[in-house]
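Residue numbers (full-length UniProt numbering): 1 to 1033.
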């Protein structure tokens, strides 16, 4: 066992381990732009809010002749203005650039703050207070919307906490300003000290508003180009996209229905209303009025002493927000802060206590202000995929909650009861207690709906893993913490009692608990298929194990990495689970009907699947028993139709689904393939990908009239040249502006801007212009599947997506690492190479339902069909090897085979201790040797996350057992669970359509990345004489 110690709990990590150096620079830039301005603006906002209380005790009451509840009524006018001013903002936020909106509002409220210095009566002051409230109204939700536009969910709380310090600073500074004005300016130019305070406050507010035009970055959709470059914005969009954030979407009335009919929205409303009302004592002036009632301090001294509680509020805010982000999570942070507030309110409700107890009580109740950033950061995260719903919810909950405080102070904090406020303190005490209860009810709801968002400020557990790891063996592994992780109270706060016991009493017990809790196997049982009596059927089939770590629902992803899911299909009857054509629920035998493909495309589009990945082959499997007969009889990838034909029909009924087609570099000239894929890229509006393969089957070469396959390494050398020819055609032949229709001069395209390609290499000769004009992507998104030495080199050079397969993610990780390192050595960003593992899910609403499905599927499985496929892939005739004899790579007598699959027979794991025909038969019959996960959406999602983390993967090619049944379960059961965890993107807006490459790399990246070798062939860059290949002698 290898054990790594946790970092100390006080360790503060500002970045995520998944952030690249460029992303960290971007975060620093955003922090310097957003956070200081947010603090400054909130500071002046609360100066302008608090100055009424300070002015009231400094002479305003006497000068304007107030005798009753005027102070509370003026606060009510402000709140009415604030509430009514917020309502338009739910529309405005997604239409008017924030870097215009916030400064305008700042300047406007500064002007109306200034005008208050000249008031002569209640009505005039009430009007100004209403207008100040109206223009200040949007600031708070808009700033949280701004945080949510640039930061991931697990980054908001700390920054929001610093931002919220502005509130306490404003309250504190207002008291100091009033103290200074009363002591030094009272009577200057005939103005009372409290009137000078309004002038001073406005002279601070207005310049800060002007500054906003030059420092607020806007949003990714409407950025401020003065402060952010295009590459900053693109990097931010790509980074947020990985965490499921969307930066697009205008507010529409259709958003209202979705929000209003959500139980979560109303739960948030209840919590926010209680939060606001549990803290209304801070705006009642109760502390100042109590100090004044002591009768032994001057007005200046009263204002100075009144800064004690706001100063403590700064400490409370920072402590609670950082604790929530790094240690507790929102529910426990709210509980802690509310309990401290309730303690002080209990003392003040009793009231008849010694004076020091009251000083203590007033010093505790400002903890109520500390919760806002944690709470609103959580809301941002929940709605990260929809800017429209996020803007609406942030504004509406703030408006509803704040409107509740328009009338509650009138009822419970009447000025005539100052400073005792018996009803007020009792009411806020009750709200504080109810806030704790409501928070945990909401917490439980969120936990049931989405366990991944229930922790750590309500955000993804982006920087935590488990305590220990077990190296390769027969026991499932337990995850190990990365080096820069910090301790979290959340590790204990959200666990069951057995887990708390485990965490407290040692890593050994933790490991044992996780082994027991992981759900080790899913057992295959049933009668032996009559077609293979020699292989006993009653054996255990190892499904992918669950690795339960911290929390009720398994593994926490690192940095909420977004999973990419492709549907893996083939234009044949028996793809990876031969024999299911006998199953009445399976429609694989109807693939020759166009309706099958149209219906499948609609289903995958509805689920937000990244791509339909279509395998293909050019010949049957004839290794098993030395004959093609069993391949034909068992429908083991036989018969086979052309996968390119239905693409246009599927594209016509979808908008965002990508189509990745397998095509070989061995059987047709590059020019023909270039023409076909350019056409498909046009017809799909840029949603085409190419799975590059080099053919190896003897049957395929014989079918086209060749004697034998090309040697392995030579195939890849040929493929490399093939790709470079294609880059010349796709990227270098046409200028972007070659088509310039000019009807008057009878000219459609400019021949001077269409270059003739001259290529004379070892394998290919051509002198031609590309016959198809540039398509949306020019070069299709490039997939590749080989992981041999030559295949890995080819993949590191050319591939954007790599299809890998193994029975254990730990066996994949070294291969992934090797290819990423090779890509980096070639000058490519290693993280731009995306890895997809084969994975077959069998999903039910419950584990029991999934197991029942599994049992039913086994009845139709063709074990012989599975052996036919594996024999063909590996070149090993499995019919000649005893069923319990170990199979090794040395058993392969064929020179031509899939080496990555054959290599699997040289490796074992806790899942496959030994490869025998028996083991191969059971694993190949369902899922084609790849991992099979059987269980509820929660279990299968856990398994996917485990593979992503342990294998350093980016996504999966999801195989089916029955079609469309498996894909229906993925769309209707699994994807909603992944989205609840924040690891699968929400469906794009109706008016948004992405290309294949944009769906992987982010909006705007239609063409090859600048670090891809194909980009060196672009029309404006490529020079034929510098790059042409010379014919080898």
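Idealized CB from N, CA, C, for every residue including glycine.
For residue 801, the enclosing beta strand (DSSP E) begins and ends at 801-804. Across the structure, residue 730 and residue 792 are spaced so that their CA atoms are roughly 24 Å apart. Shown here for residue 847: same chain residues with a beta carbon closer than 7 Å to its own, the five before and five after excluded, namely 935, 936 and 939 in chain order. By the C-beta criterion, the region 731-748 is judged not to be in contact with the region 645-661, since fewer than 3 inter-stretch pairs fall below 8 Å. Residue 603: member of the alpha helix (DSSP H) spanning 594-607, first to last residue. Of the candidates 588, 293, 54 and 238, 588 places its Cα closest to the Cα of residue 640.
In this structure, 926 is the residue among 816, 783 and 926 with its C-alpha nearest to the C-alpha of residue 853. Excluding its 5 nearest sequence neighbours in each direction, residue 84 has C-beta neighbours in its own chain below 7 Å: 134, listed in chain order. Excluding residues up to 5 positions away in sequence, 412 lie with their Cβ nearer than 6 Å to the Cβ of residue 423 in the same chain.
As a beta-bridge residue in DSSP terms, residue 834 pairs with 801.
Bounds of the beta strand (DSSP E) holding residue 955 are 955-958. Residue range 712-727 is occupied by the alpha helix (DSSP H) that includes residue 712, with no beta strand (DSSP E) assigned at that position. Separation of the CB atoms of residue 779 and residue 1014 is rounded to 6 Å, and the pair is thereby assigned contact status at 8 Å.
The three-state secondary structure of residue 215, taken from DSSP, is helix. If you draw a straight line from the Cα of residue 764 to the Cα of residue 668, it is about 11 Å long. For residue 272, the secondary structure class from DSSP, reduced to helix, strand or coil, is helix. DSSP places residue 110 in no beta strand (DSSP E) but in the uninterrupted alpha helix (DSSP H) bounded by 98-115.
A Cβ-Cβ separation of about 4 Å places residue 419 in contact with residue 289 under the 8 Å criterion. DSSP lists 768 as the bridge partner or partners of residue 757. For residue 640, the beta-bridge partners assigned by DSSP are 572. With a contact defined as Cβ atoms closer than 8 Å, residue 82 and residue 136 qualify at about 6 Å. Collapsing the DSSP output to three states places residue 341 in a helix.
Inside the region 276-362, DSSP marks whole alpha helix (DSSP H) runs of 4 or more residues at positions 286-293, 299-305, 308-323 and 330-350, from first to last along the chain. Within the region 968-999, no complete beta strand (DSSP E) segment of 3 residues or longer occurs. One thing to note: residue 614 has its Cβ within 8 Å of the Cβ of residue 570. CA-CA distance, residue 345 to residue 110, rounds to 34 Å.
Distance from the CA atom of residue 436 to the CA atom of residue 339, rounded to whole angstroms, is 8 Å.
Within a 10 Å sphere around the beta-carbon of residue 263 sit fewer than 16 other beta-carbons, which makes this residue exposed. Excluding five sequence positions before and after residue 213, the CB atoms of its chain that fall closer than 6 Å to its own CB belong to 103, given in chain order. Non-local beta-carbon contacts of residue 115 in its own chain, meaning distances under 6 Å to residues more than five positions away in sequence, involve 128 in chain order. Fewer than three pairs of CB atoms, one per stretch, sit closer than 8 Å, so the region 701-709 makes no contact with the region 795-812. DSSP places residue 173 in the helix class (H, G or I) of the three-state scheme.
Of the residues 689, 991, 196 and 794, the one whose Cα lies closest to the Cα of residue 1008 is 689. Straight-line measurement puts the Cα of residue 620 at about 35 Å from the Cα of residue 946. DSSP places residue 919 within a helical segment (H, G or I) once states are collapsed to three. Three or more Cβ pairs drawn from the region 828-843 and the region 951-966 lie within less than 8 Å of each other, which places the two stretches in contact.
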